[in-house]
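Engineer: Please see the structure below; I have some questions.
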Amino acid sequence: MVNVPFSKQSPGDKVFIALTYVLVTIIVCVVIYPLLFVVSASFSDPDLVLSGKVVLFPKGFTLKPYTMVFENEEIWRGYLNTVIYTVLGTFINVVFTVLLAYPLSRQDMPLRRPITLLIVFTMYFEGGMIPNYLLVRQLGMYNTIWAMVIPTAISTYNFIVAKSFFETSIPKELYESAEIDGSSDIRTLMQIVIPLSPAILAVLALYYAVDTWNAYFNALIYLQNEKLFPLQIILRNILLLGQTEQMGSNDVGMGEKIKMAEAIKYSAIVISSLPILCVYPFVQKYFVKGVMIGAVKG
Amino acid sequence: MKKRLYQRVWDKRGLFLLMAIPFAWYIIFKYVPMYGVQLAFKRYNPALGITRSPWVGLKYFRQFFHSYYFGTLLWNTLSLSLFQMLIGFPLPIILALMINEIHVRPYQKLVQNVTYIPHFLSTVVVVSMLNLFCDPTYGIFNKYLGLFGVPATDYMAKPNAFQTLYVFSNVWQNMGFNSIIYIAVLSSLNQDMYEAAMIDGCSRFKQMIYISLPALLPTIMILFVMRVGSLMNIGFEKVLLMQNPVNMSRSNVIATFVYTNGIQQGEFSYSTAIGLFNSLTNFVLLFGANRFSKKLTGSSLW
Amino acid sequence: MRKRLFAVTILLVGMGLLFAGGAKESTAVPAKTSLTTIVHASGFPIVSEPLTLTVFGIRDQNQSPWKDMLVFQEYEKKTGIHMEFKETPDQGRDEKKSLLFASNELPDVFLRPQMTPAELEKYGVQSHQLIPLDPYLERYAPNLNKLLNEHPEIKKAITSSDGHIYGFPQLDFSATGSMGFKQWINKDWLAKLGLKTPTTVDEFTDVLRAFKTQDPNGNGEMDEIPLGIRESSSIYVLGGAFGLEKQMDNTINVVNGKVHFWLKDDRFKEYLQWLHQLYAEGLLWKDYYKRDLPKWRANLSTAKFGAFYMPYSDVFMNVEDQFDGLVPLKGPHGDQLWVDVNSGINGSRGSFALSNTCKNPEAAIRWVDYFYSEEGSLFFRYGIEGVTYTLDADGEPQFKSEILNDPKGFMTALGKINLVPGGDNPTTITDKTDGVVASKLTKKVAAMMLPYVPKERYLAPSFTQDEMDEFIAITQDLYTYRDQSVTKFIIGEWGFDKWDEYCKTLDQIGLPRLEQIYQEASER
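In structure tokens, the structure reads:
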């Protein structure tokens, strides 16, 4: 980036630059506003939120929506389940993907092209929901943890990214010298390739973790036992289907309950999204680099 | 002299071993279910299983094409996808170009980081935010539009608003993240070109158009082709969450119809047929787009 | 040796395919009848040795997990049959149910699966995953058998196209239950605004307007919702004032022995126009079509509605005293009918079914038959005398106060005891046992409206297999189109200039043919 101070720019360029900054700033504001709003609303008095008085900052600061969420057993269980699925799932995801991408990234791998083609083909053609469901049932995974981590073990898109990464960042010479040293391919992977690839591992882990954390559809089809439901399903119940707790149907405090139900939505959103957003800054420096490398060649 | 194939494979048996489990996964979870595609041509009887259920040929395809909703579904799917592409595809590119022109480092980083955030929210969360914002009583959409005198409406209940809501919330969520690729390409460019242009008196704007943009072209084309190939696979999960009885006339796309009709109502064969139709159409579009890209820029998927 | 590993890999892959492909089909093995367990033809326990049956069903939001339910735990001790419950929550139940059948891994028993006639046809008659229950009626289900013989029209209604019965319904012979929705109006509001009880459609509209604008609940806010209708499918409830009956469980009038679908009639158009007017003026609950049950229940129990339709007052028990019944309204052509009537069946056609993997259908049938008896129905709906209920001075069962006034709500407390919340159970409801949900006021309201039900009641006919096929194919699309169109007309998304197009599309989907099918079937 050529750095010329603003004052020395030509008038035409000045306008251009100014315009760019303004537009970008507007975009930033538009992107961030809904987020800020949700956070503010989650800390505000429900009455004020419902009457539309909350605009940007919390009004009538209260922690009640959060305490209500924390008291909800379902949400905790969903949280725990999601954490388990994400940790377990991401581990499987990354291992499987690397094990598949590494061999296929090596130029000296026989049958490389046909096998890769077979894999990429699956991005565009699949058997459909019913056969997949039948398969999961027959493998005995229905209504178990495994239904949440195995059917989604590898994402072809991520595989492509990983493969490209290996192809471009591990020079052929490294493999040749490793071979001369008598290292088996497996050892090469473990001792040379992996240590050189924190970026791609971070990228894969992040992509997969986010997907697993946010997943709801698989659970809808493959899980029947409510104790296994992940967070997103519980959220869907609360946020979209309006089933907050067990509404005892002739409860006198019903109006109050409705109010709290609305308020809970905001705090539920914040609570469920927080972990991913927290992890993000740490992984950020890795993944940008990783995406760049993977993408440019992909 | 090249070794025989099996010899080469044996030499590299370590690699094959590493690959064995994930590859087996592909066979089991991707290829095996493909044989279930037969359902589209059979009248599924669960008691007989897929293999023994009777053949009915193209009956379900014909049923689909003759149904009164075929046109609507097709149109909904195509128009939504095209709309999405028209708006959602260029914007990340434009954003990347703009970000590239921000030379104040800290601010550039800030912009990037902020715009990436929405991507990490789950679909459930984003759709519920939409619901909350569209509420006529306290939603912020209505609040701000109300300042312009627009009467309060529940936009989630308006079929005509569906596509706009869908596309723009997608943009909000993914514009930043999708721009990463383009930013990456741009930041890896050799700066000499820019310097030369500047010396020649070229304005920044012109530099952007004549240097930055062309550099992105190959990437744009590849991504474009991939996009077209999934034209008919419009974000099923999000549409499903956004659907309600009222906006169905515009929100019902082929994928969601396959789900509600196939899984909820148990019309397995019928919905598999429709799903197959969907995939095949995707293929045709994919081939077409790739051809186009090849002709235009020489880059293609294969 | 060098080829070995390569061959092994290929073999693994091939095996994977073979294994998955071959093992894919788990075919249905028709169950043999009882093995060594002796099933007693009467009395308890039912079996001589402990028996376990797996159960699938749909659990209503208010019900607690079935294995924890008091009634079931007690019943297990009594019968000697252990039920292994694998029920599914209400959310996503359509998917779970149809996927269950698709995978062919069936439980022994289906309890409260809420089967529609189409499903019974599909899974019973066509794929034989459900077994016929009629062979067991005489010997093992004396209570149900007796009731069915006393009411042959019900027996006919639950018979599928091949002449067999695949599902048992919930029977309702109570006077209150003979009517579905009942009409309620807030008498306190009427009094406050000095209005007299409306008797015609126009008077009713005026009253609704008054409710909306004159703040009868006195809280200074115009938060009253004059007319509450629960969901799209309930929208026909006022049709009686326009002469639109619901014979044969469908939008049918029977005129001179001819089956007539009135979906294209001018009367129906008038009715929709009236509803549209109500909606446009903000008199009809604007969210009625959104199927937001919790909101509906909340509005009921906080007395937000001026007039509404509910079968029982259990949901709004706490504000019940503000309401009274309303005699059916007289319409513009002088009709004064209440059309939402049941004919002995309350709920779906199938609240109990057996799969072809059930090894002991006799035991299962005996298990459920008890609930159709007087004593069994009392047990099912009320629990254990002295523990959950007592008999009052009139000999009527009343729940104990700790249940009625449970802080979490009566329905939740009831859900710990039995399956009654949500209804649709394989049991009989009589005047004696309907008090679970029918308060004294509800019974009064029902009595008030009873004189206005149609004189003749026609049950849905049984179709042959071919007719059923056509029926399913047509109604799948027809019902969806009908519901969507009706909603659009009412909320104003479609103007009535689209009426002709609507009628044409109905014809295109197959309405005339459907009418013909009903006609032919009913004449048999």
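Chains as they are written, first to last, in this note's numbering: chain A, -8 to 289; chain B, 221 to 522; chain C, 211 to 734.
Yeah, the Cβ is synthetic: ideal placement off N, Cα and C, and Gly gets one too.
Model, not experiment: these values are computed from the prediction.
Residue ranges of each beta strand (DSSP E) run of no fewer than 3 residues wholly in the stretch 256 to 291 of chain C, ordered along the chain?
Structural biologist: Listed in chain order, they are 261 to 269.
Engineer: Please classify Glu87 (chain A) as buried or exposed, where buried requires at least 16 other C-beta atoms within 10 Å of its C-beta.
Structural biologist: The amino acid at residue 87 (chain A) is misidentified as Glu; the sequence shows Phe. Its Cβ being crowded by 16 or more others within 10 Å, Phe87 (chain A) is buried.
Engineer: What are the boundary residues of the beta strand (DSSP E) that includes Lys392 (chain C)?
Structural biologist: First-last of the beta strand (DSSP E) with Lys392 (chain C): Lys392 to Asn396.
Engineer: With a threshold of 8 Å between beta-carbons, can Tyr288 (chain B) be considered close to chain C, or not?
Structural biologist: Judged by the 8 Å Cβ criterion, Tyr288 (chain B) is in contact with chain C.
Engineer: Counting C-beta neighbours from all protein chains within 10 Å, is the total for Gln718 (chain C) 16 or more, i.e. buried, or is it exposed?
Structural biologist: With fewer than 16 Cβ atoms within 10 Å of its Cβ, Gln718 (chain C) is classed as exposed.
Engineer: Tell me which residues share the same chain as Tyr662 (chain C) and place their Cβ nearer than 8 Å to its Cβ, disregarding the 5 neighbours each side in the sequence.
Structural biologist: Only Gly450, Val537, Pro538, Gln546, Leu547 and Trp548 meet the Cβ criterion.
Engineer: From this set, C:Glu431, C:Pro426, C:Asn466 and C:Lys479, which residue's C-alpha is nearest Phe452 (chain C)'s C-alpha?
Structural biologist: Among C:Glu431, C:Pro426, C:Asn466 and C:Lys479, the Cα nearest to that of Phe452 (chain C) is on C:Lys479.
Engineer: Would you report the Cα separation of Thr271 (chain B) and Tyr264 (chain B), rounded to the nearest angstrom?
Structural biologist: So the alpha carbons of these two residues sit roughly 9 Å apart.
Engineer: Gln98 (chain A): which of B:Asn472, B:Lys458 and B:Leu235 sits nearest, CA to CA?
Structural biologist: When each option's Cα is compared against that of Gln98 (chain A), the closest is B:Leu235.
Engineer: Interface residues of chain C around Arg128 (chain A) at Cβ under 7 Å?
Structural biologist: Within chain C, the residues near Arg128 (chain A) are Ser313 and Glu315.
Engineer: Classify Tyr133 (chain A) as buried or exposed, calling it buried when 16 or more other Cβ atoms lie within 10 Å of its own Cβ.
Structural biologist: Its Cβ being crowded by 16 or more others within 10 Å, Tyr133 (chain A) is buried.
Engineer: By Cβ distance below 7 Å, which residues in the same chain neighbour Leu192 (chain A) in space, the five residues on each side in sequence not counted?
Structural biologist: Closer than 7 Å at Cβ, skipping near neighbours: Val85.
Engineer: Mind listing the chain B neighbours of Ala144 (chain A)? Cutoff is C-beta to C-beta under 7 Å, in chain order.
Structural biologist: Going along chain B in sequence order, the residues near Ala144 (chain A) (Cβ under 7 Å) are Trp245.
Engineer: Just by C-beta distance, which residues in the stretch 190 to 212 of chain A are closer than 9 Å to chain C?
Structural biologist: Within the stretch 190 to 212 of chain A, the residues whose Cβ lies closer than 9 Å to some Cβ of chain C are Leu211 and Ile212, listed in chain order.
Engineer: Could you compute how far the alpha carbon of Phe311 (chain C) sits from the alpha carbon of Ala138 (chain A)?
Structural biologist: C-alpha separation (whole angstroms): 19 Å.
Engineer: Per DSSP, Val464 (chain C) forms a beta bridge with which residues?
Structural biologist: DSSP output for Val464 (chain C) lists C:Val469 as bridge partner(s).
Engineer: Listed in chain order, which residues of the stretch 263 to 275 of chain C have Cβ atoms closer than 8 Å to some Cβ of chain A?
Structural biologist: If the cut-off is 8 Å between Cβ atoms, the stretch 263 to 275 of chain C has Gln271 and Asn272 near chain A.
Engineer: Chain C beta carbons: is any one of them nearer than 8 Å to that of Glu62 (chain A)?
Structural biologist: Not one chain C Cβ lies under 8 Å of Glu62 (chain A).
Engineer: For a test of the three-state rule: what should DSSP assign to Gln675 (chain C), helix, strand or coil?
Structural biologist: Of the three classes helix, strand and coil, the one that applies to Gln675 (chain C) here is helix, per DSSP.
Engineer: If you compare alpha carbons, which of B:Leu437, B:Ser342 and B:Ala417 is closest to Val405 (chain B)?
Structural biologist: Nearest C-alpha to Val405 (chain B): B:Leu437.
Engineer: If you run the structure through DSSP and keep just helix, strand and coil, what is Leu214 (chain A)?
Structural biologist: If DSSP states are grouped into helix, strand and coil, Leu214 (chain A) belongs with coil.
Engineer: Give a yes or no on whether 8 Å exceeds the smallest Cβ distance from Pro242 (chain B) to chain A.
Structural biologist: Chain A contact via Cβ: present.
Engineer: If distances are taken between C-alpha atoms only, which option among C:Pro317, C:Trp276 and C:Leu261 comes closest to Ile627 (chain C)?
Structural biologist: Residue C:Trp276 is the option with its Cα nearest to Ile627 (chain C).
Engineer: Are Tyr386 (chain B) and Thr439 (chain B) touching if we call contact CB-CB under 8 Å?
Structural biologist: No. Outside cutoff.
Engineer: What number of angstroms, rounded off, separates the C-alpha of Ile684 (chain C) from the C-alpha of Lys708 (chain C)?
Structural biologist: Spanning the two alpha carbons is a distance of roughly 22 Å.
Engineer: Ser399 (chain B) to Arg104 (chain A), Cα distance in whole Å?
Structural biologist: Each residue's Cα considered, the two are about 30 Å apart.
Engineer: How about Asn272 (chain C) and Met621 (chain C): do their beta carbons lie closer than 8 Å?
Structural biologist: Contact flag set, yes.
Engineer: What in chain B is Cβ-close to Ser308 (chain C), meaning under 9 Å?
Structural biologist: Within chain B, the residues near Ser308 (chain C) are Gly482, Ile483, Gln484, Gln485, Gly486, Glu487 and Phe488.
Engineer: When the cut-off is 8 Å and only beta carbons count, does Tyr166 (chain A) lie next to chain B?
Structural biologist: No, Tyr166 (chain A) lies away from the interface with chain B (no Cβ there is under 8 Å from its Cβ).
Engineer: DSSP three-state label for Val537 (chain C), please.
Structural biologist: Three-state DSSP puts Val537 (chain C) in coil, outside helix and strand.
Engineer: Let me know the secondary structure DSSP gives Trp548 (chain C) once reduced to three states.
Structural biologist: Coil at Trp548 (chain C), not helix or strand.
Engineer: Could you tell me the alpha carbon to alpha carbon distance between Ile337 (chain B) and Leu268 (chain A), rounded to whole angstroms?
Structural biologist: If you take the alpha carbons of Ile337 (chain B) and Leu268 (chain A), they lie about 7 Å apart.
Engineer: Give me the Cα-Cα distance between Val201 (chain A) and Tyr115 (chain A), rounded to the nearest whole angstrom.
Structural biologist: Rounded to whole angstroms, Val201 (chain A) to Tyr115 (chain A) spans 22 Å at the Cα level.
Engineer: Under the three-state reduction of DSSP, which class applies to Ala517 (chain C): helix, strand or coil?
Structural biologist: Ala517 (chain C) falls in the strand class under three-state DSSP.
Engineer: Could you please give me the residues that DSSP links to Ala563 (chain C) through a beta bridge?
Structural biologist: Bridge partners of Ala563 (chain C): C:Phe320.
Engineer: Between the C-alpha atoms of Tyr689 (chain C) and Thr203 (chain A), what's the straight-line distance to the nearest angstrom?
Structural biologist: If I take the Cα positions, the gap works out to 37 Å.
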